[in-house]
Each structure stands twice: as C-alpha cells, then as structure tokens.
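Under our numbering, the first residue of the sequence shown carries the number 47, and numbering increases by one thereafter. The next block holds one structure in the form of structure tokens; read it before the comments.
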Amino acid sequence: MLFFDIHPEIAQAETLPGEAYRSTGLHEQLVELVLARSWQFFGNAEALKEPGQAIPWDFLPGSVQEPLLMTRGLDQQLHCLSNVCTHRGSLLLQAPGKSRFLRCPYHNRCFELNGRFRSMPGFEDLNHFPSERDHLPHLPLEAWHGLLFAALNPVLPFADWIDPVQARLGWVPWQDFVYSPAHSQDFELAANWMLYIDNYLEGFHIPYVHPGLAQVLDGDNYEVTPLPWGVLQIGFSSDPAVPTFDLPSYHPDAGSGVAAYYFWLFPNLMLNLYPWGLSVNIVLPQAVDRTLVRYQTYIWKPELRGQGAGADPAQVEREDQQIVQRVQQGIQSRLYKRGRYSPSQEKGVHHFHRLLAQVLHG
Numbered sequence: 047m048l049f050f051d052i053h054p055e056i057a058q059a060e061t062l063p064g065e066a067y068r069s070t071g072l073h074e075q076l077v078e079l080v081l082a083r084s085w086q087f088f089g090n091a092e093a094l095k096e097p098g099q100a101i102p103w104d105f106l107p108g109s110v111q112e113p114l115l116m117t118r119g120l121d122q123q124l125h126c127l128s129n130v131c132t133h134r135g136s137l138l139l140q141a142p143g144k145s146r147f148l149r150c151p152y153h154n155r156c157f158e159l160n161g162r163f164r165s166m167p168g169f170e171d172l173n174h175f176p177s178e179r180d181h182l183p184h185l186p187l188e189a190w191h192g193l194l195f196a197a198l199n200p201v202l203p204f205a206d207w208i209d210p211v212q213a214r215l216g217w218v219p220w221q222d223f224v225y226s227p228a229h230s231q232d233f234e235l236a237a238n239w240m241l242y243i244d245n246y247l248e249g250f251h252i253p254y255v256h257p258g259l260a261q262v263l264d265g266d267n268y269e270v271t272p273l274p275w276g277v278l279q280i281g282f283s284s285d286p287a288v289p290t291f292d293l294p295s296y297h298p299d300a301g302s303g304v305a306a307y308y309f310w311l312f313p314n315l316m317l318n319l320y321p322w323g324l325s326v327n328i329v330l331p332q333a334v335d336r337t338l339v340r341y342q343t344y345i346w347k348p349e350l351r352g353q354g355a356g357a358d359p360a361q362v363e364r365e366d367q368q369i370v371q372r373v374q375q376g377i378q379s380r381l382y383k384r385g386r387y388s389p390s391q392e393k394g395v396h397h398f399h400r401l402l403a404q405v406l407h408g
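Below is the structure:
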C-alpha cells in the first residue's frame, strides 16, 4: 500500500503525493478500507411509501458495487438487506416491485420483507435448517428527516457523522422539500474522485473558476470549518438582491447574510443547502481516473430557483469538471511530487487528507 503522512499542523503539512491520485493499488485499498466502510445516501423514504415495496440498490456502483435491497415491511418498518439469495447466490430483484414476500427466481427460495427465511422446496429433510446464514444479511439503515442512509460495516456511528449537520440545519422544515427528477442528473468526469473532493473543499478557486458564483458570494467572507467527519463551508452575501436565509434569532448565523451552506461528509457526500432547496451530490468512483457525480435535487421554495448562490448548479459543475480534469492531466507528471496547503484557504482539503490517512493507516 502507498503510505502517506499528513502533518496535523497545516502550516507544516504537505498535500497528498501525486501518486495517490494515479495508483491503481491505492484506489483498490480506498475502495475496501474507506468506501466500503462508509455511510451512503440512498434517497428519499417517499420512494418506499407502501408496505410490500422493495427497491434494488447498488451500494457505491462502480467501486464497492454491493447489491442491496430496500424494503418496507407489512408492519411499515424499513429494512436494508442483501439482494443476493442465500442458496446459490442469484440476485433476488432487478427492478422495483411490491409483494408480501421476496422470492428468488432461480429455485423459489422465499424471504420475509425483513430478510428472514420463509420457505424453499426440496429442503424439507435437511438437518439444522434454516440457520442464521439462511436469512438475508440485515444492514445498518438510518433515516434523517426522511432521507435514508445505509452502510455495510461503517467505520463510525451514524450520529457522529450526521449530528453536526443537524446542529446547524435543525431549523429547516425538511418535510416541505420535494424531490425533483427534472433537476437531478449524473455527470461523468475523467478524473480521480479525490481530486473532485479536494476541489469542493475550498473556496480558494471561486474567483478564478466560477465568475458567476464569485459575483454572488463575498470573497472576503467565506467560512471553512472542519468537523469530526466532514467539513462545513458557508458562503455569505451582502448584496440585497441575492437570496439569503431567514434564520431563527437563536441561530449562530442569524443576520449574517448566509447565501449557501455546503456540507461535505466523509468520504463522498455533499449536502448543498440554498434558500431554494437542497442539492445532494454523491461522488461515485468508477476507476482510478474516472468519477460519476450524481446530483439529486429537492426543492423547497421554487420561486427562488435560478437566483443566488445556487442559481445554476449545472454551470458550476461544468466549470469544476473542467478544472478538475485539468488537474488530473497535470497530476500524471513524474515531476510533480507534493504541494503545500494555504493555512487560510485550504483547511478543508487538509482535513480530508488527514481523515483519509487516519482511516487507511490507523
């Protein structure tokens, strides 16, 4: 494994080595030791409104690629299960469905919607059957304001991961947010996924890469706060024409003109809250040099769409892709080794690299 050390003091630290972004071996280690042990965003619980519904879902498609099932039992309980039959390994579902139980199409093994073995022909005289391993593995599943998150073997408790978001955004009426398929899309880029995260975690590049966004946000008033398992960035605006949040009087940011909250949660989730609603970005590594970014949009105040810091997320995404792909080309250089961090501008990038080293190397 490629070993890298990130000094805890940003003024003394060096960035990830160029090799970290191009090493196939390290990419495979990151998949198993970081991504496979993470919390991942499934979507809105509204997708599973009715008892008996089941939705197949791949955990991190393109990297971990673990086939899972989300189900709502007849008792209204939600479950995250393996989508692989415990008999001979067939996939159970390949499309969403609704039934009183789950049935394998190969040999008719059946399971309850909570994953418990139900029945199977030809196994009547088998000793010690069914055993625990004949049930579908049941995986960690958490709900946060109607959004669902699942894990295989998480490196940290869900509360440790999400609580900083709740502390800052607990005032938001999440029940009023509506998923918008028309404003949700996937973007592909020819770059390592960590370069995309690096770019997201600093506003240093905004004046140079995002001219439209730079006109909206105050360049001299941009906060970056490392969290235990994430980073919070806050964009402010003093322009009265730019929509900002009407925050409760008790909120720490009340009256400060917040135009956007940008939360990154380790390792690959971004929650971007604007006065019009929420943009969820899921960064899906596809290879050491390919990444898929999945945008899911939830609209709160449609009359504010097209205004302010979140006026045109697709344009900002295109600008980010261009610069990240440019870095991907440069990082192939044999002559590039390691850079340094700006203590005032790149605290978020430094924190990301520290977390990577912590999970990888202990």
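No residue lacks a Cβ here, since even glycine has one placed at the ideal position from N, Cα and C. Computed from a predicted structure; not experimentally measured.
Exercise. When you compare only the Cα positions, how much space is there between PHE163 and TRP220?
Worked result: Your numbering for residue 163 matches position 117 in the sequence shown. Your numbering for residue 220 matches position 174 in the sequence shown. Taking the straight line from one Cα to the other gives about 36 Å.
For this session: May I ask which residues mark the beginning and end of the alpha helix (DSSP H) holding GLY258?
Result: Here residue 258 is taken as the residue at index 212 of the sequence shown, counted from 1. 257–262 is the extent of the alpha helix (DSSP H) around GLY258.
For this session: For the region 167–183 and the region 95–102, state whether three or more C-beta atom pairs, one from each stretch, are separated by less than 8 Å.
Result: no
Exercise. Less than 9 Å separating the beta-carbons of LEU172 and GLU158?
Worked result: The residue labelled residue 172 in the question sits at position 126 within the sequence shown. The residue labelled residue 158 in the question sits at position 112 within the sequence shown. No. Outside cutoff.
Exercise. Apart from the five residues on each side of it in sequence, which residues of its chain come closer than 8 Å, Cβ to Cβ, to ASP222?
Worked result: Taking the sequence shown and counting its residues from 1, one reaches residue 222 at position 176. TRP346.
Problem set entry | GLY301, buried or exposed, once every other Cβ within 10 Å from all chains shown has been counted against 16 | As a first step, residue 301 is located in the sequence shown; it is residue number 255 there, counting from the start. Per the 10 Å Cβ criterion, exposed.
Exercise. What residues in its chain sit with their C-beta under 6 Å from that of GLY385, if we drop five residues either side in the sequence?
Worked result: Within the sequence shown, residue 385 is the residue found at index 339, counting from 1. Here the set comprises THR61.
For this session: Rounded to whole angstroms, what's the CA-CA distance from ALA421 to VAL211? Just pull it up for me.
Result: Because residue 421 is not part of the residues shown, which for the chain are 47 to 408, the question remains open.
Exercise. Can you list, in chain order, the stretches of the beta strand (DSSP E) that have 3 or more residues and sit fully within the region 315–355?
Worked result: You should have 315–320, 323–333, 336–345.
Exercise. Mind checking whether LEU127 and PRO183 have CB atoms under 9 Å apart?
Worked result: As a first step, residue 127 is located in the sequence shown; it is residue number 81 there, counting from the start. As a first step, residue 183 is located in the sequence shown; it is residue number 137 there, counting from the start. For LEU127 and PRO183, yes; Cβs fall inside 9 Å.
For this session: Return the residue from the list ASP366, THR271, TRP217 that minimises the CA-CA distance to GLY394.
Result: As a first step, residue 394 is located in the sequence shown; it is residue number 348 there, counting from the start. If we check each option's Cα against that of GLY394, THR271 comes out closest.
For this session: Would you kindly work out how many angstroms separate the C-alpha atoms of TRP239 and VAL77, rounded to a whole number?
Result: Taking the first residue of the sequence shown as position 1, residue 239 is located at position 193. Taking the first residue of the sequence shown as position 1, residue 77 is located at position 31. Going by the C-alpha atoms only, they are around 11 Å apart.
Exercise. Expressed to the nearest angstrom, what Euclidean distance is found between the alpha-carbon atoms of GLN31 and PRO313?
Worked result: An answer regarding residue 31 cannot be provided, because it is not within the stretch 47 to 408 covered by the chain.
For this session: Flag this pair as touching only if the region 188–202 and the region 287–306 have three or more C-beta atom pairs under 8 Å; answer yes or no.
Result: no
Exercise. Given that a residue counts as buried once 16 or more other Cβ atoms are within 10 Å of its Cβ, and exposed if not, what is TRP322?
Worked result: Position 276 of the sequence shown, counting from 1, holds the residue named residue 322. Looking at its Cβ environment, which holds 16 or more other Cβ atoms inside 10 Å, TRP322 is buried.
Exercise. Once you ignore the five residues that flank VAL110 on each side, which residues in its own chain have a CB closer than 7 Å to its CB?
Worked result: Translated into positions along the sequence shown, residue 110 becomes position 64. VAL77, LEU81, ALA82.
For this session: Kindly list the residues whose CB is nearer than 7 Å to the CB of ASN129, restricted to its own chain and excluding five residues on each side of it in sequence; keep chain order.
Result: The count along the sequence shown starts at 1 and reaches residue 129 at position 83. Here the set comprises PRO102, PRO113, LEU114, LEU115, LEU137, LEU138, LEU139.
For this session: Decide if the region 326–343 is in contact with the region 289–298; the criterion is three or more beta carbon pairs, one per stretch, under 8 Å apart.
Result: The region 326–343 vs the region 289–298: no contact.
Exercise. So, is ARG179 buried or exposed, given that buried needs 16 or more other C-beta atoms within 10 angstroms?
Worked result: Translated into the one-based positions of the sequence shown, residue 179 becomes position 133. Exposed, since its Cβ has fewer than 16 Cβ neighbours within 10 Å.
Problem set entry | CB contact flag (VAL262, ALA357, <9 Å) | Along the sequence shown, one-based indexing puts residue 262 at 216. Along the sequence shown, one-based indexing puts residue 357 at 311. In contact: VAL262 and ALA357 (Cβ atoms closer than 9 Å).
For this session: Indicate whether GLN342 and ALA196 have their beta-carbon atoms separated by less than 9 Å.
Result: Indexing the sequence shown from 1 puts residue 342 at position 296. Indexing the sequence shown from 1 puts residue 196 at position 150. Cβ atoms of GLN342 and ALA196: not closer than 9 Å.
Exercise. Measuring CB to CB, does TYR268 end up less than 9 Å from ILE243?
Worked result: Looking up residue 268 in the sequence shown gives position 222. Looking up residue 243 in the sequence shown gives position 197. It is not a contact, given that the beta carbons lie outside the stated cut-off.
Problem set entry | Sub-9 Å separation of VAL339 and ASN245 beta-carbons | Within the sequence shown, the letter at position 293 stands for residue 339. Within the sequence shown, the letter at position 199 stands for residue 245. No, these two residues do not count as a Cβ contact at 9 Å.
For this session: Rounded to whole angstroms, what's the CA-CA distance from ASN154 to ARG134? Just pull it up for me.
Result: The residue labelled residue 154 in the question sits at position 108 within the sequence shown. The residue labelled residue 134 in the question sits at position 88 within the sequence shown. Using only the alpha carbons, I get a separation of about 11 Å.
Problem set entry | SER438 vs GLY352 beta-carbon contact at 9 Å | This structure gives no information on residue 438, because the portion of the chain shown stretches from 47 to 408.
Exercise. Starting from VAL362 and walking both ways along the beta strand (DSSP E), at which residues does that stretch end?
Worked result: Counting from one through the sequence shown, the residue named residue 362 turns up at place 316. It is not in any beta strand (DSSP E) - VAL362 instead sits in the alpha helix (DSSP H) that spans 359–376.
For this session: Compare the Cα-Cα distances from ASP206 to each of LEU106, HIS397, LEU311, ASP232 and report the closest residue.
Result: By 1-based counting over the sequence shown, the position of residue 206 is 160. The shortest C-alpha separation from ASP206 is found at LEU311.
For this session: Using the DSSP secondary-structure output, state which residues sit across from TYR308 in a beta bridge.
Result: Locating residue 308 in the sequence shown gives position 262, where the first residue counts as 1. According to DSSP, TYR308 shares a beta bridge with GLN279, ASN318.
Exercise. ASP51 by DSSP, collapsed to three states: which one?
Worked result: In the sequence shown, the residue the question calls residue 51 occupies position 5. Coil at ASP51, not helix or strand.
Problem set entry | Cut-off 7 Å between Cβ atoms - residues of its own chain near TYR325, not counting five sequence neighbours on either side | Taking the sequence shown and counting its residues from 1, the one referred to as residue 325 is at position 279. The sequence shown places Ser at residue 325, rather than the Tyr named in the question. The answer, listed in chain order, is ASN318, TYR341, THR343, GLY356, PRO359.
Exercise. Mind checking HIS174: buried by the 16 CB within 10 Å criterion, or exposed?
Worked result: Against the sequence shown, residue 174 aligns to sequence position 128. It is exposed - the Cβ of HIS174 has fewer than 16 other Cβ atoms within 10 Å.
For this session: Tell me the start and end of each unbroken beta strand (DSSP E) in the region 83–107 that is at least 3 residues and wholly inside, in chain order.
Result: 85–90, 99–105
For this session: Measure from the alpha carbon of HIS191 to the alpha carbon of each residue in GLY71, ALA228, SER84, GLY216, then state which is nearest.
Result: For the purposes of this step, residue 191 is taken as the residue at position 145 of the sequence shown. Residue GLY216 is the option with its Cα nearest to HIS191.
Exercise. Where does PRO227 fall in DSSP's three states?
Worked result: Here residue 227 refers to the residue found at position 181 of the sequence shown. PRO227 falls in the helix class under three-state DSSP.
Exercise. Which first and last residues belong to the alpha helix (DSSP H) in which ALA205 is found?
Worked result: In the sequence shown, residue 205 corresponds to position 159, counting from 1. Its alpha helix (DSSP H) spans residues 204–215.
Exercise. Below 9 Å between beta carbons: does that hold for GLY108 and TYR382?
Worked result: For the purposes of this step, residue 108 is identified with residue 62 of the sequence shown, where counting begins at 1. For the purposes of this step, residue 382 is identified with residue 336 of the sequence shown, where counting begins at 1. No; because the gap between Cβ atoms is not below 9 Å, this pair is not in contact.
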